[in-house]
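Asker:
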Amino acid sequence: MALGSRRDPYLSFNFLVELEGLLVGGFSEVSGLQAEIELHDYREGGLNDYVHRLAGPVRYPANLVLKRGITDNQALWLWHCDVRRGIIARRNLTVILQDQTGQPVNYWHLERAYPVRWMGPELRADSNTVAVETLELVHCGFSTL
Numbered sequence: 041m042a043l044g045s046r047r048d049p050y051l052s053f054n055f056l057v058e059l060e061g062l063l064v065g066g067f068s069e070v071s072g073l074q075a076e077i078e079l080h081d082y083r084e085g086g087l088n089d090y091v092h093r094l095a096g097p098v099r100y101p102a103n104l105v106l107k108r109g110i111t112d113n114q115a116l117w118l119w120h121c122d123v124r125r126g127i128i129a130r131r132n133l134t135v136i137l138q139d140q141t142g143q144p145v146n147y148w149h150l151e152r153a154y155p156v157r158w159m160g161p162e163l164r165a166d167s168n169t170v171a172v173e174t175l176e177l178v179h180c181g182f183s184t185l
């Protein structure tokens, strides 16, 4: 390997979240980017020592979970309140991974997401940690750009 051609993996703390093309604040955690292909077993007649495993549709077993420190920006809370009132406003969301210099290196574009759970912070008089809100989103799938 030539000197200077080493490629370090990207660090997981350097990311942004865009909602409908607008940055929605600094999140401390994003989880739930999962996709799996369902498998269907097929037993062929006369073939007793082998089961065919056929690929089925892609499913997304986990909801996307966003965590961030609470600020005066109430956009996520208001979106959740709309859904509670029956106004299901589906929005596209993009998670952007950045390199050490802040340049985007990977995108996960989630289609038609909307909130299904909001959790407020744990408030404790004996703690000095940041008050964190959690928003859980269901989506119709994602792709990398």
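Everything in the sequence shown is counted per this note's numbering, starting at 41 for the first residue and increasing by one. From the three backbone atoms N, C-alpha and C, an ideal C-beta is built for every residue, glycine too. Note that the structure is a prediction, hence the values are computed from the model and not measured.
Looking at the strands, I want to know which residues DSSP matches up with Pro-144.
Answerer: Bridge partners of Pro-144: Gln-138.
Asker: Please determine, among Gly-86, His-120, Leu-185, the residue with the shortest C-alpha to C-alpha distance to Met-159.
Answerer: Comparing Cα-Cα distances from Met-159 to each of Gly-86, His-120, Leu-185, the minimum goes to His-120.
Asker: What does the Cβ neighbour count give for Leu-106, buried or exposed, with the cut at 16 atoms within 10 Å?
Answerer: It is buried - the Cβ of Leu-106 has at least 16 other Cβ atoms within 10 Å.
Asker: For Arg-46 and Gly-142, what's the separation of their Cα atoms in angstroms?
Answerer: Between Arg-46 and Gly-142, the C-alpha separation is close to 19 Å.
Asker: Rounded to the nearest angstrom, what separates Tyr-50 and Trp-117 at their Cα positions?
Answerer: The straight-line gap from Cα to Cα measures roughly 31 Å.
Asker: Taking just the CA atoms, how far does Pro-161 sit from Asn-168?
Answerer: Approximately 12 Å between the Cα atoms of the pair.
Asker: List the DSSP bridge partners of His-92.
Answerer: DSSP lists Tyr-82 as partners of His-92.
Asker: Leu-177 and Val-145 - do their beta-carbons sit closer together than 9 Å?
Answerer: In this structure, Leu-177 does not lie closer than 9 Å to Val-145 by Cβ.
Asker: Could you spell out where the beta strand (DSSP E) holding Arg-108 opens and where it closes?
Answerer: First-last of the beta strand (DSSP E) with Arg-108: 104–109.
Asker: Out of Arg-131, Glu-78, Val-98, which has the shortest C-alpha to C-alpha gap to His-149?
Answerer: Checked all of Arg-131, Glu-78, Val-98; the closest Cα to His-149 is Arg-131.
Asker: Rank Gly-96, Ala-129, Tyr-147, Thr-174 by C-alpha distance to the C-alpha of Ile-110 and give the top, closest one.
Answerer: It is Thr-174.
Asker: Please determine, among Ser-71, Leu-59, Leu-63, the residue with the shortest C-alpha to C-alpha distance to Gly-52.
Answerer: Inspection of the sequence shows that residue 52 is occupied by Ser rather than by Gly. Minimum Cα distance to Ser-52 is reached at Ser-71.
Asker: Apart from the five residues just before and just after Glu-151, which ones in its own chain have a Cβ nearer than 7 Å to its Cβ?
Answerer: Excluding residues within five positions, the ones whose Cβ falls inside 7 Å are Asn-132, His-179, Cys-180, Gly-181, Phe-182.
Asker: Pick from Tyr-154, Leu-56, Asn-113: whose alpha carbon is nearest that of Ile-128?
Answerer: When only C-alpha atoms are compared, the closest one is Tyr-154.
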